[in-house]
Amino acid sequence: MREHDSFGPATMRRGRRKFDDDEADFVKRGRLEPALSEDPDLPETGDRWSTWDGALHGPLPRPDWVRTEHGAVDTELGILKTGKEADVHLVRRAVPGTDRVAVLAAKRYRDGDHRLFHRDAGYLEGRRVRRSREMRAMTNRTAFGKELIAGQWAAAEFGALSRLWQVGQEGGTISVPYPVQLIGTELMLEFIGDWETGEAAPRLAQVRTDHDGLEDLWSQMTEALSVLARTQIAHGDLSPYNTLVHQGRLVIIDMPQIVDLIANPQGGEFLARDVRNVAGWFTARGLRVDADGLIERLCYEAGLL
1 MREHDSFGPA TMRRGRRKFD DDEADFVKRG RLEPALSEDP DLPETGDRWS TWDGALHGPL
61 PRPDWVRTEH GAVDTELGIL KTGKEADVHL VRRAVPGTDR VAVLAAKRYR DGDHRLFHRD
121 AGYLEGRRVR RSREMRAMTN RTAFGKELIA GQWAAAEFGA LSRLWQVGQE GGTISVPYPV
181 QLIGTELMLE FIGDWETGEA APRLAQVRTD HDGLEDLWSQ MTEALSVLAR TQIAHGDLSP
241 YNTLVHQGRL VIIDMPQIVD LIANPQGGEF LARDVRNVAG WFTARGLRVD ADGLIERLCY
301 EAGLL
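Following this line, the structure appears as structure tokens:
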């Protein structure tokens with residue numbers, strides 16, 4: 001993807017933009033309480049040891065900024081955004097006494113005690129689990145079933161980002177955050193923004209640019225949609241609020257509801273809705289786009305026609 005600028009230790013500001021929130025409300029909270037130094041199982045600095053060991057890791061070759069050292073520690077820097085299904089936290093992972101530092105976005109899906117995945121029914125079509133007991137629990141939305149759904153959505157997002165990141169590295173015209181690791185319902189991602197200040201890259205909805213800038217962003221959007229279609233998936237909830245613009249590049253984020261265009265009987269509808277959601281934003285800013293023509297082309301590329 002891109003190389004990050006150098007950054008200092010703990011210079012994060014508390015007043016950050018939302019990372020991938022699609023709502024107007026934003027609750028900003030402070031960092032976790034510091035680790036108690038008298039606990040021998042906790043590091044002397046930071047909040048906990050790195051959770052890299054034992055996690056499911058992102059695809060190879062991984063970026064050189066990813067911290068894999070067992071002696072690395074994680075420090076919570078606050079919440080970037082809150083949502084109905086997950087909260088996104090800012091985490092600094094560093095090897096004490098060195099300049100080996102990474103800044104991550106930790107997306108933590110809510111457990112069964114919260115109201116989660118209010119719109120999951122259509123998205124889950126085409127997804128299956130091996131055990132009938134688990135499928136019944138998910139269908140009936142028992143507490144156990146909701147926890148399974150949370151884990152499935154986290155795994156679906158991790159899998160989609162891993163696949164699309166590799167496509168991007170191989171020359172595909174799509175940019176997504178590098179998925180660093182997955183443990184249960186916590187997904188740790190590349191933080192897209194200024195690593196020194198903790199300022200997230202602006203969402204597309206926040207961007208103000210001229211006609212040429214709009215044309216360039218629309219071109220990047222259609223190329224990304226084409227990559228998704230040829231991979232036979234749809235974002236499922238694409239909008240100007242879960243697309244970032246970082247250093248001139250469009251970055252697609254927030255993909256737990258990824259849709260298999262072939263397995264899901266509503267796949268074509270999700271694809272068309274994604275296109276119309278983003279096309280409407282560009283049209284409202286004066287750019288003429290052919291949404292219907294794009295939908296037809298993408299359906300053909302996906303093998304739906």
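Counting in the UniProt record's numbering, the sequence shown runs from 1 upward without gaps. Glycine residues also receive a C-beta, built at the ideal position from the N, C-alpha and C atoms.
Problem set entry | Sheet register partners of Lys107 (DSSP bridge) | Answer is Val88 and Leu187, bridged to Lys107.
Exercise. Can you tell me where the beta strand (DSSP E) with Asp74 in it begins and where it stops?
Worked result: In the DSSP assignment, Asp74 falls within the beta strand (DSSP E) that extends over Val73 to Thr82.
For this session: Return the chain-ordered list of same chain residues with a C-beta closer than 7 Å to the C-beta of His114, the five sequence neighbours on each side being excluded.
Result: Per-residue confidence for His114 stands at a pLDDT of 45, beneath the threshold of 50, marking its modelled position as unreliable; no derived number is given.
Exercise. From the DSSP output, which residues share a beta bridge with Val251?
Worked result: Answer is Leu244, bridged to Val251.
For this session: From the DSSP output, in three-state form, read off Tyr123 for me.
Result: Low local confidence applies: a pLDDT of 46 at Tyr123 is under 50, so the model's placement there is unreliable, with the coordinate-based value given in what follows. Assigned with DSSP and collapsed to three states, Tyr123 falls in helix.
Exercise. Using 8 Å as the threshold, is the stretch 234 to 247 in touch with the stretch 257 to 275, meaning 3 or more CB pairs across them?
Worked result: Because the criterion of three Cβ pairs below 8 Å is met, the stretch 234 to 247 and the stretch 257 to 275 touch.
Problem set entry | Extent of the continuous alpha helix (DSSP H) run through Val278 | Where Val278 is concerned, the enclosing alpha helix (DSSP H) stretches over Gly267 to Ala284.
For this session: Would you please state the rounded distance, in angstroms, between the beta carbons of Glu69 and Arg100? I believe it to be under 8 Å.
Result: Contact flag correct, Cβ pair sits at about 7 Å.
Exercise. Looking at Val176 and Ile258, is the spacing between their C-beta atoms short of 8 Å?
Worked result: In this structure, the beta-carbon distance from Ile258 to Val176 does not fall below 8 Å.
Exercise. Between which two residues does the alpha helix (DSSP H) carrying Trp218 extend?
Worked result: Trp218: member of the alpha helix (DSSP H) spanning His211 to Arg230, first to last residue.
Exercise. Does the Cβ-Cβ distance between Leu195 and Val103 come in under 8 Å?
Worked result: Note that residue 195 is Trp in the sequence shown here, rather than Leu. A distance below 8 Å separates the beta carbons of Trp195 and Val103.
Problem set entry | Proximal residues to Arg276 (C-beta, below 7 Å), its chain only, five neighbours per side dropped | Within the same chain, Cβ atoms closer than 7 Å to the Cβ of Arg276 are found at Ala291, the five residues on either side in sequence being excluded.
Exercise. Does the beta-carbon of Val289 have 16 or more other beta-carbons within 10 angstroms, so that it is buried, or is it exposed?
Worked result: Val289 comes out buried.
Problem set entry | Pro157 - partner residues in DSSP beta bridges | First, the amino acid is wrong: residue 157 is Glu here, not Pro. According to DSSP, which records beta bridges pairwise, Glu157 is partnered with nothing at all.
Exercise. CB-CB under 7 Å to Ala160, same chain, minus the five flanking residues each way: which ones, in chain order?
Worked result: Excluding positions up to five away in sequence, the list reads Ile233, Met255 and Ile258.
Problem set entry | Residues near Ile262 by beta carbon distance below 6 Å, same chain, minus five either side | Closer than 6 Å at Cβ, skipping near neighbours: Gln232.
Exercise. Mapping DSSP to helix, strand and coil, what is Ile192?
Worked result: Ile192: coil per DSSP, three-state reduction.
Exercise. Cβ atoms of Ala205 and residue 307: under 8 Å apart, would you say?
Worked result: What is shown of the chain runs 1 to 305, which leaves residue 307 out entirely.
Exercise. Measuring CA to CA, which of Pro59, Lys81 and Val95 is closest to Glu44?
Worked result: Residue Val95 is the option with its Cα nearest to Glu44.
For this session: Could you please give the first and the last residue of the uninterrupted alpha helix (DSSP H) stretch that includes Ile262?
Result: Neither: Ile262 is in no alpha helix (DSSP H) and is coded neither H nor E.
Exercise. Counting along the chain, where does the alpha helix (DSSP H) carrying Asp292 start and finish?
Worked result: For Asp292, the uninterrupted alpha helix (DSSP H) run begins and ends at Ala291 to Ala302, by DSSP.
Exercise. Would Thr209 be called buried (16 or more neighbouring beta carbons within 10 Å of its own) or exposed?
Worked result: The residue in question, Thr209, is exposed, as its Cβ has fewer than 16 Cβ neighbours within 10 Å.
Problem set entry | Residue of Ala229, Lys107 and Leu225 minimising C-alpha distance to Met188 | Looking at the Cα atoms, Lys107 is the closest of the given residues.
For this session: Give the secondary structure of Ala24 by DSSP, where H, G and I count as helix, E and B as strand, and everything else as coil.
Result: Residue confidence for Ala24 is low, a pLDDT of 35 falling below 50, so the modelled location carries little weight; the figure read from the coordinates is stated next. In the structure shown, the three-state DSSP call for Ala24 is coil.
For this session: Count the other C-beta atoms from every protein chain shown that fall within 10 angstroms of the C-beta of His89, then say buried if there are 16 or more, exposed otherwise.
Result: By the 16-neighbour rule on beta-carbons within 10 angstroms, His89 is buried.
Exercise. To the nearest whole angstrom, what separates the beta carbons of Thr173 and Glu223, a pair I think is in contact under 8 Å?
Worked result: With a Cβ gap of about 4 Å, Thr173 and Glu223 count as contacting.
Exercise. Expressed to the nearest angstrom, what Euclidean distance is found between the alpha-carbon atoms of Val278 and Leu287?
Worked result: Val278 and Leu287 have their C-alpha atoms roughly 12 Å apart.
Problem set entry | Short Cβ contact (8 Å threshold) for Gly58 with Gln181 | Contact: yes.
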